[in-house]
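Structure record follows, encoded as structure tokens.
Rendered as structure tokens:
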């Protein structure tokens with residue numbers, strides 16, 4: 001596992017969910033197989049109080065199994081799972097029920113009960129807890145207010161839009177005042193605009209109520225917009241983990257890079273096609289900058305002329321994260337090396353992607 | 001139609017309604033739990049138990065494969081045990097119920113099986129137990145299908161109750177055979193057919209209205 005401990009120019013203080021915070025959920029070396037294929041292959045993970053942790057991976061990477069292990073819908077073959085300090089592995093279905101009530105869950109397809117009104121759906125977790133009717137209704141009203149659907153209390157889910165359904169799903173998941181909210185691809189069935197509003201709502205709830213959120217997704221954009229920390233899962237293993245901005249600034253594994261491909265500047269295809277491994281012409285450099293370095297006057301200070309091929313600055317968790325593609329003349333010998341050393345001395349991460357001749 | 005015949009017709013309508021209504025309610029009360037048991041004990045159900053599931057399935061299939069007219073006769077000892085007699089309207093309710101229960105159990109099973117698994121998972125994730133899942137998810141979500149299936153069962157029972165004439169149960173079918181067919185009373189035959197059509201249409205109409213009212217799925 002690659003950890004992102006330090007990127008220069010950055011202090012760890014602004015990152016939510018510091019290591020000292022309480023663990024809401026902790027997994028230790030959790031394994032689960034389906035037939036021959038491992039769905040989870042020794043996953044260890046801590047969800048800290050108050051943070052939004054994103055778990056990202058391709059489909060089939062083990063995300064769904066992981067999230068289902070957390071509330072005991074799926075049982076691991078080995079390893080330990082702790083919810084608020086108490087081990088849940090080995091508990092019977094009946095013993096698991098009180099723990100599940102501490103964990104709210106929202107789903108990709110909302111999973112609202114069609115035969116119940118919006119209000120009844122939201123109140124259901126409290127009905128399961130055996131709360132009196134008056135209390136259930138009051139809490140349901142309160143939560144519908146929070147998600148902005150007070151006027152839909154008596155409506156049936158089928159009359160709502162996708163975004164409204166997910167808001168009801170969120171209200172329902174919060175009804176029993178859970179310690180943790182699990183989000184299982186909650187925005188994957190929604191259009192981009194609705195996705196943004198649902199993510200904003202989740203972030204808002206996280207801030208207002210201090211609710212810990214664990215979301216699994218295959219979209220980096222989701223993690224980028226509201227995550228504090230991210231764990232990348234591939235073939236049942238956590239391959240990379242760290243603060244979101246830090247993983248964005250300095251992805252370690254190929255899988256992370258490919259998941260980031262959609263939202264980070266990529267070398268334009270015609271240049272990528274023209275790349276050769278043979279030194280000559282211009283060297284094409286991929287430069288990653290984060291924090292102060294990305295916002296400084298670095299480009300103006302570069303020691304040699306260069307061409308800016310492509311690139312951009314993004315802001316993740318209020319941190320500037322830049323990805324630039326530069327073309328630097330490869331002659332005289334050692335010129336590229338000097339260039340790289342200059343950049344690395346200013347805490348940039350540089351990779352030589354190849355060489356191009358002529359003005360590619 | 002003579003007043004005597006009219007009385008006979010009214011009497012027969014009443015007998016048919018009693019037989020259909022009573023056996024319908026019994027098969028609903030017994031068939032729905034059986035359908036739930038079939039779905040719950042199936043692989044991936046809320047209480048998987050392959051052994052119970054296959055035994056239950058086999059018993060239901062066995063009852064369903066016996067022609068009703070045979071069941072009517074074969075169950076005479078059972079009927080006598082329960083009702084005290086093997087002849088008459090009330091006696092016919094026993095074989096009708098026993099015949100319709102496995103039929104309705106299969107219909108209920110189909111509706112219950114169609115409930116989105118995601119909804120069951122959501123209820124489990126909320127900390128609900130099996131009873132919660134049955135009461136809050138399975139039955140309410142399958143209710144339109146359960147009611148529609150009950151309508152079909154009632155209509156089937158009206159047809160089956162005609163055969164119950166064979167054990168002296170009376171009813172519209174019996175009237176049609178004894179007077180309309182055997183005594184060539186065409187007017188009785190036509191009257192019975194019209195009453196049956198009205199009855200079936202009425203039941204179907206009420207059932208459809210109820211389903212429409214309860215169905216919030218789309």
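Protein chains in written order, with UniProt numbering: chain A, 1 to 360; chain B, 1 to 218.
Every residue gets a Cβ at the ideal spot worked out from N, C-alpha and C, and that includes glycine.
When DSSP labels each residue in this structure, what does residue 114 of chain A get in the three-state scheme? DSSP places residue 114 of chain A in coil when its eight states are reduced to three.
Buried/exposed call for residue 357 of chain A, threshold 16 Cβ in 10 Å: By the 10 Å Cβ count, residue 357 of chain A comes out exposed.
Out of A:186, A:281 and A:140, point me to the one whose CA is closest to residue 335 of chain A's CA. Checking every option, the nearest Cα to that of residue 335 of chain A belongs to A:281.
Cutting at 6 Å between CB atoms, please list the residues of its own chain near residue 82 of chain B, excluding the five before and the five after it. Contacts found: 94.
Span separating the alpha-carbon of residue 150 of chain A from that of residue 156 of chain A: Between residue 150 of chain A and residue 156 of chain A, the C-alpha separation is close to 13 Å.
For the segment 89 to 109 of chain A against the segment 131 to 142 of chain A, are there 3 or more C-beta pairs whose distance is under 8 Å? The segment 89 to 109 of chain A makes no contact with the segment 131 to 142 of chain A: fewer than 3 CB pairs, one atom from each, lie closer than 8 Å.
Decide if the segment 339 to 349 of chain A is in contact with the segment 285 to 296 of chain A; the criterion is three or more beta carbon pairs, one per stretch, under 8 Å apart. Yes, the segment 339 to 349 of chain A touches the segment 285 to 296 of chain A.
Should the segment 177 to 186 of chain A be called in touch with the segment 95 to 106 of chain A, which here means at least 3 C-beta pairs below 8 Å? With a cut-off of 8 Å, the segment 95 to 106 of chain A and the segment 177 to 186 of chain A count as touching, because enough Cβ pairs lie within range.
Residue from B:56, B:145 and B:164 whose Cα sits closest to the Cα of residue 70 of chain B: Residue 70 of chain B has its Cα closest to that of B:164, out of B:56, B:145 and B:164.
Taking the continuous beta strand (DSSP E) assigned at residue 325 of chain A, which residues delimit it? Per DSSP, residue 325 of chain A belongs to the beta strand (DSSP E) from 319 to 329.
Cα-Cα separation between residue 315 of chain A and residue 297 of chain A, rounded to whole angstroms: Using only the alpha carbons, I get a separation of about 17 Å.
Inter-residue spacing [alpha-carbon to alpha-carbon] between residue 339 of chain A and residue 319 of chain A: CA-CA distance, residue 339 of chain A to residue 319 of chain A, rounds to 25 Å.
Counting pairs of beta carbons, one from the segment 51 to 67 of chain A and one from the segment 226 to 243 of chain A, are three or more of them closer than 8 Å? Segments in contact, yes.
Proximity test, Cβ basis, 8 Å: residue 345 of chain A and chain B: Not closer than 8 Å to any Cβ of chain B, the Cβ of residue 345 of chain A fails to qualify, so no.
Any chain B beta carbon closer than 8 Å to residue 116 of chain A: Interface residue (Cβ-Cβ distance to chain B less than 8 Å): residue 116 of chain A is classified as such.
Could you list which residues in chain A have their beta carbon closer than 7 Å to that of residue 125 of chain B, in chain order? Using a Cβ-Cβ cut-off of 7 Å, residue 125 of chain B is close to 71, 73, 100 and 105 of chain A, given in chain order.
Is the separation between the beta-carbon of residue 327 of chain A and that of residue 299 of chain A shorter than 8 Å? For residue 327 of chain A and residue 299 of chain A, no; Cβs fall outside 8 Å.
For residue 143 of chain B, collect the residues of the same chain with a Cβ closer than 7 Å to its Cβ; drop the 5 residues on either side in sequence, then sort them by chain order. Here the set comprises 214.
Does any CB atom of chain B fall closer than 8 Å to the CB of residue 29 of chain A? Output row for residue 29 of chain A: interface = no.
Distance between beta carbons of residue 88 of chain A and residue 132 of chain B, contact taken as under 8 Å: Going by Cβ atoms, the distance from residue 132 of chain B to residue 88 of chain A rounds to 19 Å, so no, they are not a contact pair.
Helix, strand or coil for residue 233 of chain A? Go by DSSP, reduced to three states. Reduced to three states, the DSSP call for residue 233 of chain A is strand.
In whole angstroms, what separates the C-alpha of residue 5 of chain A from that of residue 245 of chain A? Residue confidence is low: residue 5 of chain A scores 44 on pLDDT, short of 50, so the model does not pin down where it sits. Its coordinate-derived value is still stated next. For residue 5 of chain A and residue 245 of chain A, the distance between alpha carbons rounds to 12 Å.
Any chain C beta carbon closer than 8 Å to residue 136 of chain B: No chain C is present in this structure, whose protein chains are A and B.
Neighbourhood of residue 158 of chain A by C-beta distance below 8 Å, restricted to the same chain and skipping five residues each side: Beyond the five residues adjoining it in sequence on each side, residue 158 of chain A comes within less than 8 Å, by CB distance, of 114 in the same chain, given in chain order.
Which listed residue (A:153, A:81, A:147 and A:164) has its alpha carbon closest to that of residue 116 of chain A: Comparing Cα-Cα distances from residue 116 of chain A to each of A:153, A:81, A:147 and A:164, the minimum goes to A:153.
Can you tell me which of the three DSSP states residue 12 of chain B falls into? It is helical.
For the candidate residues B:34, B:18 and B:15, whose alpha-carbon lies nearest to that of residue 113 of chain B? Ranking the options by Cα distance to residue 113 of chain B, first place goes to B:34.
Please say whether residue 38 of chain B and residue 91 of chain B have beta carbons closer to each other than 8 Å? When the beta-carbon positions are compared, residue 91 of chain B and residue 38 of chain B stay at least 8 Å from each other.
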